[in-house]
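Please read the structure below before turning to the comments.
Residue numbers (my numbering): 901 to 1574.
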């Protein structure tokens, strides 16, 4: 870079227009001439220097120097090219003020060479003269003395224009496609195009066969973003070449939270018989400002609204019974409260009406990140990866993050961690390790950040925790009649509903909240201004009490197959039959079936406390389908323990039980999205 001054004759570029400084009419006013229109404009001295400081004014070299020389690349500070340019500058300095004749130049060059002892022999005086001329034209910028290796060689292609065009067509048709053809495929296709063209040409006008180097060079000339967008899609290109222009920051805890799911990279075993169950799911909610985990839910339940509701319930309420449920945990789990906004992806479970009602009831703003942009909620994504590596990777039964990393390792055979132990490990890691370890972005542990950022009396919590189950319940609208309210074949009624009908009419539509973890009762929202919450029990409490919506669906399907009946009596019989069947057949089933059987068993318990969730009792919401369906049972597995033996000594079903399997009684419909 050369030097310049604000003096008469200087040429400057102001926002793309070239001006020449003509004269300074006063101490603070300059007259500039527009090189294109020759009009005179006046600028203040301070104004010119302000434009220069802001980068809107640059000096144009006064000398006649080619554009190619101005575009000379700048070498690195330790480059041999740069050292060579510095050496040439020393010779130019030695002859700068000498007359341009051979004798003075040669004497000065020899004297300088004796001092520097480089290069191996003194340069010729005409060579130094050319260096000096180039140096002075460039405004004494020594970078112009570098070797112009970038200008060596043939600048245009050796191949005719027709061959280049055919090669570019081959790249567009083969390489720049979602099928991602290789360069060899592109070369073969281009050679075929040239051969077809040569068949239509005389022998004197034949085109040469394209080379692999030509294909590679033409591909390299295509912008990298365009190559990735054509081969992998625009979303993949946007993700790979994204740039960070800003960062979402928060000033206090509970201003913003992020929530997401993941399937743990570990195979766990059953607590009773040590058989592998499968990989559990984790739903986690993290605070943006402090990086503290507000809530976490562990279960075999695929992602659904109810897993989100269970995680949020734990995030809202204090964890007062933590030490009683998990005696191994040493520290307290203080972070909790209702966040101001929550960030999530576009999973179906996050777009349910039930979740909207729950969030709006607690004044929580819902923010959805764009499709396939996990960096919009990067904190929970990073936490999920960290927790997976800390808990699952490196332990017996790990499935690894990538299937190709397993090689000959069998997670099912090496799994030794029981399901209850896994939950103890996960919550202990969160409370005693993750919260207590110094976070790289915070420069302090998340627990300390929480304690220093918020006081206990500043934490917003739900005003009525008894109403929280109703708020987080599945939202439905049903018709209230003399029979009561019918929901999934079950009837609910009470004296309070009769009083509502007597006041507002014999038949009216009411809003209800359903806890799919227990169909024994529902919550009805009264249509009056007070909007009272009325708990209404099921008329067949002996069947519905403690029953989950998913279990109810299995019982109805089983009863329909066994008795072709649709009544609570047949459902109750099917419920008892399935429980006995699971107990007898658990050890004889494959892993995918055992996962569903374990899910059926653990859903018998209902989450009623604010402790970290220690059981997978949240079923699937009817209005929120999960992103991932449960594993499908293998077909044809016959229930051998309860089959009679026929005359040939083979076990078989009779009558309506023919061709039935144990998996048919408990597996989900393939088209059913929880």
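Glycine included, each C-beta is placed from N, C-alpha and C at the ideal position.
Neighbour-count burial assignment, residue i, 16 or more Cβ in a 10 Å radius
{"i": "residue 1418", "result": "buried"}
{"i": "residue 1420", "result": "buried"}
{"i": "residue 908", "result": "exposed"}
{"i": "residue 1431", "result": "exposed"}
{"i": "residue 1125", "result": "exposed"}
{"i": "residue 1476", "result": "exposed"}
{"i": "residue 1260", "result": "exposed"}
{"i": "residue 1058", "result": "exposed"}
{"i": "residue 1399", "result": "exposed"}
{"i": "residue 1000", "result": "exposed"}
{"i": "residue 1196", "result": "buried"}
{"i": "residue 1207", "result": "buried"}
{"i": "residue 1287", "result": "buried"}
{"i": "residue 1327", "result": "buried"}
{"i": "residue 1094", "result": "buried"}
{"i": "residue 1442", "result": "exposed"}
Short Cβ contact (8 Å threshold) for residue i with residue j
{"i": "residue 1397", "j": "residue 1436", "result": "yes"}
{"i": "residue 1329", "j": "residue 1190", "result": "no"}
{"i": "residue 1387", "j": "residue 1378", "result": "yes"}
{"i": "residue 1280", "j": "residue 1264", "result": "no"}
{"i": "residue 891", "j": "residue 1209", "result": "Residue 891 lies beyond the range of the chain shown here (901 to 1574); nothing can be said about it."}
{"i": "residue 1130", "j": "residue 1077", "result": "yes"}
{"i": "residue 1162", "j": "residue 1317", "result": "no"}
{"i": "residue 1410", "j": "residue 1427", "result": "yes"}
{"i": "residue 1254", "j": "residue 1374", "result": "yes"}
{"i": "residue 1249", "j": "residue 1205", "result": "yes"}
{"i": "residue 1090", "j": "residue 1110", "result": "yes"}
DSSP bridge partner residues for residue i (one or two, in chain order)
{"i": "residue 1422", "result": "1414 and 1436"}
{"i": "residue 1582", "result": "No statement about residue 1582 is possible, as the shown extent of the chain runs from 901 to 1574 and does not include it."}
{"i": "residue 1196", "result": "1184"}
{"i": "residue 1575", "result": "Within the shown structure, residues of the chain are numbered from 901 to 1574, placing residue 1575 beyond reach of any answer."}
{"i": "residue 848", "result": "No answer is possible for residue 848: the residues shown for the chain start at 901 and end at 1574."}
{"i": "residue 1392", "result": "1385 and 1438"}
{"i": "residue 1268", "result": "1244"}
{"i": "residue 919", "result": "912 and 934"}
{"i": "residue 924", "result": "930"}
Pairwise C-alpha distance: residue j and residue i
{"i": "residue 1235", "j": "residue 1423", "result": "29 Å"}
{"i": "residue 1537", "j": "residue 1363", "result": "Summary for residue 1537: the model assigns pLDDT 32, below 50, so the residue's position carries little reliability; its value from the coordinates is reported in the next sentence. Answer to the nearest angstrom: the Cα atoms are 51 Å apart."}
{"i": "residue 1184", "j": "residue 1390", "result": "33 Å"}
{"i": "residue 953", "j": "residue 1062", "result": "50 Å"}
{"i": "residue 1558", "j": "residue 1459", "result": "Confidence is the limiting factor: at residue 1558 the pLDDT is only 38, short of 50, which leaves the residue's position unreliable, though a coordinate-based value still follows. Those two C-alpha atoms are separated by around 15 Å."}
{"i": "residue 991", "j": "residue 979", "result": "19 Å"}
{"i": "residue 1016", "j": "residue 1036", "result": "22 Å"}
{"i": "residue 969", "j": "residue 1042", "result": "Only weak support is given to the placement of residue 969: the predicted model assigns it a pLDDT of 47, under 50, and the value that follows is read from those uncertain coordinates. Their Cα atoms are separated by approximately 12 Å."}
{"i": "residue 1429", "j": "residue 1412", "result": "16 Å"}
{"i": "residue 943", "j": "residue 961", "result": "21 Å"}
{"i": "residue 1023", "j": "residue 1047", "result": "15 Å"}
{"i": "residue 1226", "j": "residue 1275", "result": "34 Å"}
{"i": "residue 1068", "j": "residue 983", "result": "41 Å"}
{"i": "residue 1533", "j": "residue 1368", "result": "Model confidence at residue 1533 stands at a pLDDT of 35, short of 50, so the residue's coordinates are unreliable; what they give is reported in the following sentence. So the two alpha carbons sit approximately 36 Å from each other."}
{"i": "residue 1231", "j": "residue 1339", "result": "17 Å"}
{"i": "residue 1540", "j": "residue 1081", "result": "With a pLDDT of 33 at residue 1540, under the threshold of 50, the modelled position of this residue cannot be trusted, and the question is left open."}
{"i": "residue 1228", "j": "residue 1322", "result": "13 Å"}
{"i": "residue 1342", "j": "residue 1348", "result": "10 Å"}
{"i": "residue 910", "j": "residue 918", "result": "11 Å"}
{"i": "residue 923", "j": "residue 950", "result": "19 Å"}
{"i": "residue 1108", "j": "residue 1134", "result": "36 Å"}
{"i": "residue 913", "j": "residue 1052", "result": "31 Å"}
{"i": "residue 1449", "j": "residue 1370", "result": "16 Å"}
{"i": "residue 1012", "j": "residue 955", "result": "40 Å"}
{"i": "residue 986", "j": "residue 1049", "result": "17 Å"}
Cut-off 7 Å between Cβ atoms - residues of its own chain near residue i, not counting five sequence neighbours on either side
{"i": "residue 1085", "result": "1074"}
{"i": "residue 1025", "result": "1002, 1005, 1006 and 1009"}
{"i": "residue 1194", "result": "1157, 1185, 1186, 1187, 1215, 1235 and 1236"}
{"i": "residue 948", "result": "906, 930 and 957"}
{"i": "residue 1528", "result": "Since pLDDT at residue 1528 reaches only 37, below the 50 mark, its modelled position is unreliable, and no value is offered."}
{"i": "residue 1032", "result": "992, 995 and 996"}
{"i": "residue 1452", "result": "1388 and 1419"}
{"i": "residue 1064", "result": "1057"}
Cutoff 6 Å; reference residue i; Cβ partners in own chain excluding five residues on either side
{"i": "residue 1438", "result": "1390, 1392, 1420 and 1444"}
{"i": "residue 1154", "result": "1237 and 1239"}
Neighbourhood of residue i by C-beta distance below 8 Å, restricted to the same chain and skipping five residues each side
{"i": "residue 1083", "result": "1075, 1112, 1115, 1116 and 1119"}
{"i": "residue 861", "result": "Since the displayed the chain opens at 901 and closes at 1574, residue 861 lies outside it and no answer follows."}
{"i": "residue 1447", "result": "1418, 1419, 1420, 1455 and 1475"}
{"i": "residue 1332", "result": "1229, 1230 and 1231"}
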